[in-house]
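In our numbering, the protein residues as written are 1353 to 1658.
All C-beta atoms, glycine included, are put in the ideal place defined by N, C-alpha and C.
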Ligand SMILES: Cc1cc2nc3c(=O)[nH]c(=O)nc-3n(C[C@H](O)[C@H](O)[C@H](O)COP(=O)(O)OP(=O)(O)OC[C@H]3O[C@@H](n4cnc5c(N)ncnc54)[C@H](O)[C@@H]3O)c2cc1C
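Here it is as structure tokens:
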């Protein structure tokens, strides 16, 4: 029998992206003391302006936010996805006439999912942690040592903290996983996702479109108002060339793929590029260590599953 040591916190979470704070809130609600450590500064992503990043939330994720008491403050900022249409897309021709159609009218639980901008979701998580979770921005986890009754965690500011367990929510290159000897399997898709928000003249009626093009899928996901989030996957070479274009040229290349069903389009916010790869951790747990979020299943053919 090992005597329980008094630790600084019950659970220390490395990573304050989306998954770290979400888990921290759930654990705090369950009565555990939790600290979230993340090298991002406290004012990261603090701007009120839309920067072009948004998430498609599955209904399970929306329910989780509801259970944590966050959804009531987010609902009116979200856009319900009422229908999803998936079809073959051909440049210059838009969507093919035959498509898979998922309609929320056919299910009892309401929308198929929700679109929510990063600025609202991320800030809501940070705000909710205040008073419930010890948030330690500007600090990285640099090492850990597993003992019989606890784990000692090294921090980049030279301090050490003890916890009953360490959670790696530190993204797809999780150093917690690496140090715990957790291997991963995966491969590069050879594709990069170009992400941007697009304003359009016509309403989207809550319909998410997914065109499967020869060089990768193009998703057009409804945001509040006459605005959509575009996630456009291309081969790495194509994506590099398209990302280097100025905004006008970018729109010229996008328009024939996007089609004209939403009328005239223009850019809203910045453009982003994300290389796509599959990365699966071989296990989610090691003694006094667990992984959540991106480490077990990183980027992502998420569009196919949205
Ligand atoms: C183009 C694209 C579109 C996507 N769209 C969607 C979508 O619509 N819906 C959806 O559900 N998912 C989507 N995803 C996936 C989603 O973005 C990720 O699954 C999610 O962001 C992962 O969150 P996370 O908190 O696990 O990791 P991350 O967001 O990667 O956060 C990891 C955090 O760990 C911190 N960190 C790193 N090292 C350390 C350390 N040593 N110590 C402490 N902290 C550390 C980092 O600073 C970072 O804040 C998309 C992904 C891509 C690439």
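Inter-residue Cα distance where the pair is residue i and residue j
i, j, result
"residue 1471", "residue 1494", "28 Å"
"residue 1614", "residue 1597", "23 Å"
"residue 1505", "residue 1385", "16 Å"
"residue 1682", "residue 1612", "In the structure as shown, the chain starts at 1353 and stops at 1658, and residue 1682 therefore has no counterpart that could be examined."
"residue 1534", "residue 1449", "46 Å"
"residue 1648", "residue 1578", "With a pLDDT of 38 at residue 1648, under the threshold of 50, the modelled position of this residue cannot be trusted, and the question is left open."
"residue 1565", "residue 1585", "9 Å"
"residue 1570", "residue 1532", "37 Å"
"residue 1370", "residue 1474", "7 Å"
"residue 1622", "residue 1634", "36 Å"
"residue 1429", "residue 1576", "7 Å"
"residue 1625", "residue 1605", "16 Å"
"residue 1593", "residue 1568", "15 Å"
Residue environment, residue i, which counts as buried when at least 16 other CB atoms sit within 10 Å
i, result
"residue 1401", "exposed"
"residue 1645", "buried"
"residue 1656", "Bear in mind that the predicted position of residue 1656 carries a pLDDT of just 28, short of 50, making it unreliable; the figure below should be weighed with that in mind. Its Cβ having fewer than 16 others within 10 Å, residue 1656 is exposed."
"residue 1658", "For residue 1658, the predicted structure reports a pLDDT of 29, less than 50, and the residue's modelled location is therefore unreliable. The matter cannot be settled from this model."
"residue 1467", "buried"
"residue 1459", "exposed"
"residue 1522", "buried"
"residue 1512", "exposed"
"residue 1620", "buried"
"residue 1574", "buried"
Element boundaries [alpha helix (DSSP H), containing residue i]
i, result
"residue 1626", "No alpha helix (DSSP H) holds residue 1626; the beta strand (DSSP E) holding it covers 1617-1633."
"residue 1601", "1599-1610"
"residue 1372", "1371-1381"
"residue 1579", "Where residue 1579 is concerned, there is no enclosing alpha helix (DSSP H), although the beta strand (DSSP E) it sits in stretches over 1579-1587."
"residue 1361", "Run containing residue 1361: none in the alpha helix (DSSP H); it sits in the beta strand (DSSP E), 1361-1366."
"residue 1476", "1470-1481"
Nearest neighbour of residue i, chosen from the options [CA to CA]
i, options, result
"residue 1503", "1510, 1490, 1519, 1489", "1519"
"residue 1435", "1542, 1426, 1559", "1559"
"residue 1496", "1424, 1463, 1528, 1556", "1528"
"residue 1372", "1429, 1604, 1391, 1360", "1391"
"residue 1387", "1408, 1364, 1406, 1407", "1364"
Segment limits, beta strand (DSSP E) that includes residue i
i, result
"residue 1514", "1512-1520"
"residue 1565", "1559-1565"
"residue 1388", "1386-1390"
"residue 1527", "Per DSSP, residue 1527 belongs to no beta strand (DSSP E); it is in the alpha helix (DSSP H), 1527-1531."
"residue 1639", "Neither: residue 1639 is in no beta strand (DSSP E) and is coded neither H nor E."
"residue 1459", "First-last for residue 1459: undefined, no H or E at that position."
"residue 1489", "1486-1489"
Residue(s) in a DSSP beta bridge with residue i
i, result
"residue 1422", "Paired residue(s): none; residue 1422 is not in a bridge."
"residue 1536", "1633"
"residue 1433", "1465"
"residue 1541", "The partner list for residue 1541 (beta bridge, DSSP) is empty, contrary to what the question assumes."
"residue 1494", "Paired residue(s): none; residue 1494 is not in a bridge."
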